[in-house]
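Working notes for the structure below.
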Amino acid sequence: ERCHLGTTSDQIHEAWCCILTGMPPARADLVTALGARTRLFLLSNTNAIHAAVFEADLQATLPDVSAFWGAFEQAHYSHDLGLKKPHPETFLAVCEKHGLAPGRTLFLDDSIQHVEGAHKAGLHAHHLDLSREDFGGWMLRMGWRP
760 ERCHLGTTSD QIHEAWCCIL TGMPPARADL VTALGARTRL FLLSNTNAIH
810 AAVFEADLQA TLPDVSAFWG AFEQAHYSHD LGLKKPHPET FLAVCEKHGL
860 APGRTLFLDD SIQHVEGAHK AGLHAHHLDL SREDFGGWML RMGWRP
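Residue numbers (my numbering): 760 to 905.
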């Protein structure tokens, strides 16, 4: 819909954030287990408004949000980096910052264009199509046991 005169900033904020989806607690538990076994980083194309809503949603819905965030060495948001996926330089900047060899780094994403960008940067990358495959099933197929 078009915005009309009289639309409030709260209404705009609500509309802007309606595209966000929550994280199922079971997936958060798998991320936490994975982070206990390997170095893990979050790389998200997001803006400051969405980042705050995402973080607040996790705080409200996850039983142990501190364990979830503790699984990551660092969360990188595109609005802070000044770079965004799928540009290869985004992946390379994160690798360089953390001393990661791109050829020994795995990137998972639910957007194929981001996976292609990671491949171009030299990372191993996997498209996780959440409509066909769940994260836990993928972890088991790859030999990861929580």
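Cβ atoms here follow ideal geometry from the backbone N, Cα and C, with glycine treated the same way.
Item                                                                                                         : Value
Among GLU855, VAL812, GLY765, PHE813, nearest to ALA880 - alpha-carbon criterion                             : GLU855
Cutoff 6 angstroms; reference ALA884; Cβ partners in own chain excluding five residues on either side        : PHE866, VAL874, ALA877, HIS878
Local conformation of LEU840 per DSSP, three classes                                                         : helix
Cβ-Cβ separation, VAL790 to PHE827 (assumed contact under 8 angstroms), whole Å                              : 6 angstroms
Backbone secondary structure at PHE866 - three-state DSSP                                                    : strand
Which listed residue (ILE808, MET782, PRO784) has its alpha carbon closest to that of SER768                 : ILE808
Reference ALA795, options ALA810, GLN818, ALA830, closest by Cα                                              : ALA830
Selected residue, minimal CA-CA separation from ASP839, among SER803, ASP869, HIS846, ARG863                 : SER803
Every unbroken alpha helix (DSSP H) within the region 793-834, with a cutoff of 4 residues, ordered by chain : 807-820, 824-829
As assigned by DSSP and simplified to three states, the class of HIS846                                      : coil
Distance between HIS835 and THR864 (C-alpha atoms, nearest Å)                                                : 16 angstroms
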